[in-house]
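I have placed the structure first, in the form of structure tokens, so that the comments after it can refer back to it.
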DNA sequence: CGATTGCTTGACCCCCATCAATCCTCGTGG
DNA sequence: CCACGAGGATTGATGGGGGTCAAGCAATCG
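Residue numbers (our numbering), protein chains in the order written: chain C, 1 to 228; chain F, 1001 to 1228.
Shown next as structure tokens:
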């Protein structure tokens, strides 16, 4: 099994603040799992008892609403942590994590992380910063959900997908989402999302080839997201 | 000026984990302000450079959306902190805080808190827990905003106001919000909120006397919030 | 006691949820 | 290699929720 010390994604998250000693301790007790596209990493109500560190792949983090529809809260890229919230509050999972592309994740058991949090102020400060940043993002999302139209939210989502996950030479977004997932991110019905995507396509703001989406007119998208 | 050591609200937040020494240091450098109803404590973009501890009163925490409407993210009661997010990320304020009832707040300058965060693991763990809990609440709010109807959100809000701020002998809610604030919490137009309040009144689920609201039929409200 | 602000109700219309039908795509097995 | 079935994608039709404008009404304040 590969070691944390040699893992590239370690540089991307709070683990970078750990000492060599702390890191090798974690490396010794971590376990690695492969999660195929569509499989769930954990579900609402699960006792996670640790945190996951995504070493490859992308997953969606979502929650079921009372009316039975899934709301995607955010998308998690490689290098990110998953499950810290539950760990810190000693709580069951509030959200569900499902692989969108095939993933490789490392699981670090609870006690190991808690020890480091209590003993390494730099590490706990870094986790605190991550959490604070997540909170800011969540607050901004609340405002968008409450105040923006579906069209605005779709435009904004496309821009943020491009920013977070990038695109290839043909300017196709590197992330592949189903129409349903797109709808569940912006909080609308699948048909509404599809309709707006076609509208964007007709107006040559984006192009659609199967699951490939490419942004043809970013400035226009930005204007739409702002409400014009 | 009164001292933190004798302040009752200290027991309600993370300050309770501080040692006597740390607390008296904070007590020595804090400043106290009175904020009248309607006045703002800080605005989006402000450099706060510290945290506020609410010793009395209630305030709303909100953000302007692109279309010029205010979205209230949450309400803050006495005993809560304000501004930790900005402090931890070394960022300007992302939100605006406005007094809803007259307030007394204590301001603790940045460096003082940062020192304690780095040196007292119990304190930083407590702040981390608060932040994690806020994040959970924010996530749940995102789902509600995206998936529930305005009617459901109004019912839910009334229940949570009752839970968080309580009510007096006549079962009138202790918190007094304008119709506009109510609308800005649930993310709708003022007229829509008013219309639904009248509907609840007609069905004798609540009663309205000026700014006094009392919940007459809590079970019914819970059903409405769940979508029946 | 004007005047300003907040509250309430009516009218109108558009966005979007929902239901339904069709088309497309892709994996599977014959 | 093709047929076929199943799930996803697309488009149409329809109705209701809720945003917006406008006009009275109540209340608060200098």
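No residue lacks a Cβ here, since even glycine has one placed at the ideal position from N, Cα and C. Bear in mind that the values here come from a model prediction, so they are computed numbers and not experimental data.
Query	Result
For residue 1041 of chain F, three-class secondary structure by DSSP	strand
Check: residue 215 of chain C C-beta below 7 Å from any heavy atom of the ligand MG	Questions concerning the ligand MG fall outside what the structure shown contains, since it holds no ligand whatsoever.
Residues near residue 185 of chain C by beta carbon distance below 6 Å, same chain, minus five either side	72 and 157
Min CB distance residue 227 of chain C to chain F below 8 Å	yes
For residue 47 of chain C, the nearest candidate out of C:89, C:29 and C:218 (CA to CA)	C:89
CB contact check: residue 1118 of chain F to chain C, cutoff 8 Å	yes
Three CB pairs or more closer than 8 Å across the segment 1056-1069 of chain F and the segment 1092-1104 of chain F	yes
Cβ neighbour criterion (16 or more within 10 Å) applied to residue 1094 of chain F	buried
Length of the line joining the Cα atoms of residue 55 of chain C and residue 1118 of chain F	29 Å
Cutoff 8 Å: residue 1219 of chain F Cβ touching any chain C Cβ	no
Inter-residue Cα distance where the pair is residue 1013 of chain F and residue 1029 of chain F	19 Å
Among F:1141, F:1192 and F:1170, nearest to residue 1207 of chain F - alpha-carbon criterion	F:1170
Distance CB(residue 1225 of chain F)-CB(residue 1159 of chain F) smaller than 8 Å	yes
Alpha carbon of residue 1217 of chain F to alpha carbon of residue 1068 of chain F, nearest angstrom	35 Å
Within the segment 1102-1188 of chain F, ranges of the beta strand (DSSP E) (whole runs, at least 3 residues)	1103-1109
Of the residues F:1052, F:1080 and F:1179, the one placed nearest residue 1112 of chain F, counting alpha carbons only	F:1052
Nearest residue (CA-CA) to residue 1163 of chain F, options F:1178, F:1199, F:1075 and F:1201	F:1075
Given residue 110 of chain C as reference, the closest of C:127, C:84 and C:44 once Cα atoms are compared	C:84
Cβ neighbours of residue 1122 of chain F in the same chain (closer than 7 Å, five flanking residues each side left out)	1017
Beta bridge counterpart(s) of residue 207 of chain C as assigned by DSSP	C:214
Endpoints, the beta strand (DSSP E) within which residue 1023 of chain F is located	No beta strand (DSSP E) contains residue 1023 of chain F, which is instead part of the alpha helix (DSSP H) from 1020-1029.
Any chain C beta carbon closer than 8 Å to residue 1146 of chain F	yes
Within-8 Å CB hit, residue 1131 of chain F to chain C	yes
Identity of the residues DSSP links to residue 74 of chain C by a beta bridge	C:61
Residue interval of the beta strand (DSSP E) (run including residue 1048 of chain F)	Neither: residue 1048 of chain F is in no beta strand (DSSP E) and is coded neither H nor E.
Residue 20 of chain C burial status per 10 Å Cβ neighbour count (16 or more: buried)	exposed
Chain-ordered neighbours of residue 1138 of chain F on chain C, where CB pairs are closer than 7 Å	135, 138, 139 and 142
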